[in-house]
Structure formats: structure tokens, C-alpha cells
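Data first, discussion second: the structure below is written as C-alpha cells.
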DNA sequence: AAAGTATATAAGTATATTCTTATATACTTA
DNA sequence: TAAGTATATAAGAATATACTTATATACTTT
């Protein structure tokens, strides 16, 4: 199990680096929160830019980063593009984060128990 | 509750940005995994550098970033400095991440239910 | 078809990140 | 005290990030 984990962690670290990079920006986090908190199911890029105080190109670039990181999906509908959460990918991201923190916290507990 | 959440999210976004920035580096993630997986409770900086293939200054700089982000504690013992996880802070970090993903996933579920 | 709107992309700039090498600091031990 | 070891810091270089403004692309509507 430890060997599996050790090998797994190299790949996992690279995947988590990409995920954390995508999340490591306050404007992208605000975009995400806006997407969760609005009454609207779908919000256009221009609306999101307005809501977060970003210019349209800046919002577009941030959304692209979130899409590339498999956090969002884009769906074109006429003139507008609606970004939505990539539900399954978000679940998968969360599992990886839980694994990382699980490793850390179980190590903390082992030490507290006196090895 | 929604107003509380909206205000909370601005602060939270800035805190999560700092946390995610600290975690958004493959070498720092590998350092973390090495710290969780070793048999040793405490590992010196030089040992960690060797384990991850980093130079001593690079490892030191990464560890400083993890310490500044309240992920690690440093404890000087004679000639060596031992880094350990900041257990309580890690729990607090995890709670914030869980809140973020909780918002996202509950939004996903709301949409699936048809608003 | 022309004009208007929404979004993306391009190019440039300012800043941040992550290394490197060299050196300083703190401690230990001979 | 001098020499050795561990760690941190400093300074510089290469690269990445995040914005800006300008423009291209895709679609809609008149």
C-alpha cells in the first residue's frame, strides 16, 4: 500500500499542482463563488465580468483557465457562452484534495498517538 | 444566510488564494507527501532536499513558503530544524476548502434537481 | 447584407515565482 | 577558539502570471 501510495503521489502532485494553480487567484475564486451564489443557473461572461469588476477580456481569460483545469464547462447558446461547473470533474478534484489532506491529517494523528 | 455567505466569501477567497498558492507547486506537494509517508516523525531540511532532489536553498525556500502559509511549523533542535505539520491550521485550511467545494457541489445538485 | 453584440485572442507590460550560486548565521564538536 | 555542519538569506536570471488595449470571430437582428 505504501509503495502504491508513493508512486501515486508523483502523478497526483502534478495533477494537484494544476488544480491549485487554477484556484490560486482571488478573482477566479470570486468568479466561482458568484457562480454558486446567484439565483441564475447560467451567467454570461459579460455578466460575470460586471459582477466581479473585471474587464471582459480578463474575465474571459480567467474562465478559460478554469475550463482548462476542468472546473468549468462552456456551452455556447446563440450569442452567449454560459459557463457551468463540470460536476464530475469537480468531484474528482475534491477526492484528490481529500486524499492529500487525509495523508497529512492521519500523519498528524499518528504523531499525536506517539507514533 | 446568503448575505453572510456573500460577505464571507470575499475574505475567504483571499485566504484560499494564499493557501492554494502555497500548494500550487509540485515540489512543495512532494515535500508534503514525503513528510506524510516517511517512517521518521521529523525530517531535517537537508534530508528533505535529498528526498525530493532539490538543492538545500530551494528546499529551505519551499519550506518557508509552507510555514508562512501556516501549513508547517518549524522547530529548531540543535543544529537541525525540523518541520512538522501545523495540525490545527491544516484542519482550518481543510474546512475552508470543504466550504468552497460544498458551495460548488450543492450548486451542481440544485441544477440537477431542476433549480 | 450591414450593424450591433458577445466572446476570444493577440500583444505588450508589470509583477510574481522559482530556480541558481554565493554567502551569512547559528550551532556543534574537536 | 577554530573548523565543520545545517539552515537561511541575498541577489540575479529565466519563466510564468495577470492585467491592459486593440482586434478578430461568431452570432443576431434589422
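Residue numbers (the working numbering), protein chains in the order written: chain C, 1 to 115; chain Y, 116 to 230. Ideal placement from N, C-alpha and C gives every residue a C-beta, glycine not left out. Bear in mind that the values here come from a model prediction, so they are computed numbers and not experimental data.
So which of the options has the shortest CA-CA distance to residue i?
i, options, result
"residue 33 (chain C)", "Y:229, Y:226, Y:178 and Y:222", "Y:222"
"residue 139 (chain Y)", "C:28, C:25 and C:17", "C:17"
"residue 129 (chain Y)", "Y:208, Y:226 and Y:225", "Y:208"
"residue 193 (chain Y)", "Y:159, Y:176, Y:142 and Y:127", "Y:159"
"residue 54 (chain C)", "C:90, C:31, C:80 and C:113", "C:31"
"residue 156 (chain Y)", "Y:206, Y:226, Y:190 and Y:211", "Y:190"
"residue 232 (chain Y)", "C:20, C:10, C:103 and C:58", "The shown model of chain Y, from 116 to 230, leaves out residue 232 (chain Y), and the question about it has no answer."
"residue 91 (chain C)", "Y:188, Y:197, Y:137 and Y:217", "Y:217"
"residue 166 (chain Y)", "Y:186, Y:211, Y:210 and Y:143", "Y:143"
"residue 82 (chain C)", "C:26, C:12, C:98 and C:47", "C:47"
Taking 7 Å as the CB-CB cut-off, is residue i touching chain Y?
i, result
"residue 80 (chain C)", "no"
"residue 15 (chain C)", "no"
"residue 87 (chain C)", "yes"
"residue 24 (chain C)", "yes"
"residue 52 (chain C)", "no"
"residue 33 (chain C)", "yes"
"residue 99 (chain C)", "no"
"residue 42 (chain C)", "no"
"residue 76 (chain C)", "no"
7 Å is my cut-off, CB to CB: does residue i come that close to chain C?
i, result
"residue 205 (chain Y)", "yes"
"residue 219 (chain Y)", "yes"
"residue 145 (chain Y)", "yes"
"residue 180 (chain Y)", "no"
"residue 183 (chain Y)", "no"
"residue 209 (chain Y)", "yes"
"residue 151 (chain Y)", "yes"
Tell me residue i's beta-bridge partners as DSSP assigns them.
i, result
"residue 192 (chain Y)", "Y:195"
"residue 200 (chain Y)", "Y:187"
"residue 290 (chain Y)", "Here chain Y has residues from 116 to 230 only, and residue 290 (chain Y) is not among them."
Is any non-hydrogen atom of the ligand ZN found closer than 6 Å to the C-beta of residue i, if you look at the structure I gave you?
i, result
"residue 88 (chain C)", "The model depicted lacks the ligand ZN and carries no ligand whatsoever."
So does the region 200-218 of chain Y actually touch the region 179-186 of chain Y, counting three or more Cβ pairs closer than 8 Å? Touching, yes.
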